[in-house]
Structures are given as C-alpha cells and as structure tokens.
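Going by the numbering used here, the first residue of the sequence shown is number 321, and it counts up by one from there.
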Amino acid sequence: MADSFQAKGIEAGAFLFLPSLETEASWTDNVFATASDARSDRFYRIVPGFRLRSRFLRHELNFTGELEKVMFEEYTEDDRLNVNVGADGRLDVRKGWEVTSNISFSDRAEDRGSPDAALSLKPVDTTQISAQLGSRLQEGRMIYQGTFSFNSYDIGNGRRSGGQVVNNSGRDRNEYEVTARVAYETIPNYFAVVEGSYNSRDYDNVVPGTSFDRSSDGYRLESGVGIDITDVIRGDFLVGYFDQEYDATTFGDPSGFSFRARFNWTPTRMTVVVPSLERSVQETIRSGVSAMVRTGAGLTVRHEFARNFVGTFSGNVAYEDYDKSNEDPWFYEARLRGLYAFTPEVHAGAEIRYRERDADGGSGQYDQWTMMWRLRLQY
C-alpha cells in the first residue's frame with residue numbers, strides 16, 4: 321500500500337509498536353487434500369499480531385509475533401492454533417559493511433497438502449526454530465557476502481482412526497548451511513558472481529521400522545550474472561552443480577546440473593514483476609527414497625490500480641523428481657488476490673487459490689480450490 325495507507329503505529333521510545341487483527345472467512349472444496357472422496361467445508365481464521373520496529377539513526381532491530389486460530393465448521397478435528405514469533409536486526413559496522421541476523425520460532429499444524437503429510441486424524445504439529453547470521457561488505461567494485469543458517473524441525477506424532485500411532489520421530493532433524501558469495505562489477509550495475517554453499521542435514525533418529533539414517537551432507541557451486549539497476553531490475557541468474565551424499569548406502573546420492581534465478585522487474589512505478597527459477601535438493605520421508613530434486617518456476621505480478629487498491633497474481637509450477645522412484649509428480653499453484661484500504665487502519669481483501677499435485681495415481685495426488693475473504697484492522 322502507499323505510505324498514506326500504512327499503519328501509523330504507537331510510539332514506544334526508540335521503537336514503533338504496530339498492532340493488528342486479521343479475520344478471515346474461507347471455503348475449500350477439498351479439506352483433506354485427497355485424490356478421491358473430497359470433502360468441502362468452511363473455516364475461519366483470527367490472527368492477532370504485532371510488529372515492534374526500531375527507529376534508530378543507525379542499525380536496526382525489529383520484533384514480530386502472531387497467534388493464528390483456525391476453526392472449521394464441520395471437520396473440527398482440523399482446528400488448530402499456530403504461533404509465530406521472531407526478531408531481526410542489522411548492524412552498520414561502517415559504510416559499505418553491514419551484519420544482519422534473524423531468529424524465529426513457529427509451532428504450526430502441517431499442511432494437509434504437503435507431499436510428506438502424515439495420514440492422521442488431525443494435522444500433526446510441526447515446531448521449527450530458525451536462525452541466520454550474515455555479513456555483506458562492499459569494497460570498490462567487489463562485494464563479499466557470507467551467511468550461516470540453522471533450522472531445527474520437530475514433527476509431532478499423529479494418530480489414525482483405529483488408534484494406531486503415526487511415529488514421526490524419524491523426521492526430526494537439524495539443518496546447517498554456510499554460503500559464501502563474491503561479486504565483481506564488470507560494468508556499471510552488472511556483476512560477475514561466484515557462490516558456493518555447504519550443508520549438513522542431521523536426523524535425530526532412524527526412520528521407525530527401518531535402519532535407514534537420512535542424514536546427509538552436500539554442496540552447491542554456482543556462477544553467473546547479477547544485475548542491480550535501481551528501481552528498474554535487480555536479481556541473479558546462476559548456474560552450476562550440486563551434490564548431496566547420504567550416510568545410508570542404500571540411498572542414492574542426487575547430484576547434477578543446478579540453476580537459480582530471481583529478478584525484481586519494475587516496468588512502471590505501479591507494477592512489479594518477479595519471475596523465479598530454481599533446481600534444488602529437498603528433504604522427503606518417502607519410503608526407500610533419499611531425496612527429492614525439485615525443479616520449479618514461479619511468477620508474481622503486483623499492480624497498484626489505485627493508491628488504496630493493490631492486486632497480486634502468483635503462479636508456481638514444479639517437477640518433483642524422487643530418487644529411485646517412478647512416482648515423480650508435478651505441482652501447480654495459482655493465486656489471485658486483491659487488497660483494498662478504506663483507511664490506514666481498515667483493509668479488506670479477497671483471494672482465490674488453486675493447487676494441484678499430479679502424481680499419475682500415486683500417493684499425494686489431489687486438486688483443491690480455496691476462496692478467502694479478509695478484514696484487517698491495524699494501527
């Protein structure tokens with residue numbers, strides 16, 4: 321939204337406190353994201369939240385938090401309470417050198433449409449702790465960047481209709497990644513880029529009922545072009561090679577050609593276009609499968625029809641290649657969203673979303689329509 325329709329906040333010393341309350345009424349034609357016998361239902365969301373934003377002359381420190389209560393009319397076993405809290409900051413060491421960090425905690429119910437979703441009566445709780453520390457230094461035409469990130473996942477157990485426990489302890493893990501990036505400005509606003517990363521994915525337990533250890537280590541090395549033309553286009557196009565090696569000898573070790581592209585293009589002051597493309601290794605708990613190589617493309621278009629009316633379209637398509645499996649589904653998603661501001665304190669919106677996983681009759685196949693109407697109060 322334009323600045324004139326942004327929340328003004330409450331002054332709290334060197335910080336600005338911005339409380340909010342969002343309510344939503346929704347309908348979906350496939351609550352459980354199943355291939356057959358789809359069940360429709362209406363559900364409601366109530367989301368109180370806040371932001372605490374610093375107003376320092378130098379440096380930055382921000383805090384966020386929200387509770388999300390989701391309530392279904394008929395299938396109340398899918399009711400849930402989600403929690404998200406976080407903090408981020410920036411330290412301006414000197415001109416051209418900054419250090420950034422963020423940390424967050426979330427306790428959420430697993431999405432029914434997840435390819436690894438446990439088949440249980442209620443969505444299982446997923447707790448995630450994330451932290452990141454990064455540094456960026458610009459010296460003349462050279463830019464040096466480094467990042468360390470950490471993610472810890474704790475997946476709760478589920479229960480089937482017959483009382484059988486769904487043991488998810490084999491999904492609990494810690495992930496570490498170190499990334500280094502060097503960019504050289506060859507001509508104004510165009511950079512030659514080299515980027516490398518190393519990751520370690522350590523599982524707490526073997527998969528229940530097996531002796532498989534899903535822990536692995538891997539790396540990614542890429543080079544390409546970076547563009548930074550202020551207010552017009554900025555982003556990267558990188559190509560290279562990735563390799564992920566698993567401790568269990570029964571698993572395959574996915575490796576091969578990698579690419580990653582993401583751009584912000586502003587053809588007019590009212591429109592932003594964000595295309596993206598990536599091929600990467602992602603974790604999965606499919607039986608007998610080490611990993612999933614995901615090749616995805618996305619497009620987001622945001623247009624400001626008026627100072628108080630913004631429309632957004634986003635679409636994604638991905639091919640999910642499971643190691644040593646004939647079931648390699650395609651995933652599609654499209655969203656159309658509108659947001660209208662009556663005043664800086666009162667916003668209303670609507671959204672329609674379509675998702676489909678085409679697995680040629682395999683597990684995890686579904687299609688789903690969802691419609692949402694929102695009212696947001698903020699100060």
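For each residue, glycine too, the CB sits at the ideal point set by N, CA and C. Because the structure is a prediction, the values reported are computed rather than measured.
- For D563, the enclosing beta strand (DSSP E) starts and ends at 553-566.
- Between L336 and R378, the gap from beta carbon to beta carbon reaches 8 Å or more.
- Between V405 and D399 a beta carbon distance of about 21 Å is seen, past the 8 Å cut, so the two are scored as non-contacting.
- Take D687, set aside five residues on each side of it, and the residues of its chain with a beta-carbon closer than 6 Å to its own are E676, in chain order.
- Proximity of the stretch 537-548 to the stretch 508-520 meets the contact definition, three or more beta-carbon pairs being nearer than 8 Å.
- S356 counts as exposed, since fewer than 16 other beta carbons sit within 10 angstroms of its beta carbon.
- Residue D573 holds the alpha-carbon nearest to the alpha-carbon of D641 among D573, R694, A429.
- The three-state reading of DSSP puts G416 in coil, since its state is none of H, G, I, E or B.
- One Cα belongs to T447, the other to A429, and the distance between them is close to 9 Å.
- Judged by their CB atoms, P368 and Y699 are not nearer to each other than the 8 Å cut-off.
- The beta carbon of L597 sits closer than 6 Å to those of A581, A617, all from its chain and outside the five residues before and after it, given in chain order.
- With a 10 Å radius around the Cβ and a threshold of 16 neighbouring Cβ atoms, A668 comes out exposed.
- DSSP places E647 outside both helix and strand once states are collapsed to three, so it counts as coil.
- If you compare the alpha carbons of L659, S489, L441, S610 with that of G482, the shortest gap goes to L441.
- Per DSSP, P587 is one residue of the beta strand (DSSP E) stretching across 575-588.
- Residue pairing for M612: DSSP places it in a beta bridge opposite Q602, Y642.
- For a cut-off of 8 Å, the C-beta gap from S610 to Y639 is around 17 Å, too long to register as a contact.
- Under the rule that a run must span 3 or more residues, the beta strand (DSSP E) segments found entirely inside the stretch 325-365 read 330-332, 335-348.
- Residue range 445-459 is occupied by the beta strand (DSSP E) that includes S455.
- Annotated as distal: Y652 and V630, with beta-carbon spacing of 8 Å or more.
- A straight-line Cα-Cα distance of about 10 Å links A353 and S360.
- Measuring C-alpha to C-alpha distances from E665 to each of G333, E342, A332 identifies E342 as the nearest.
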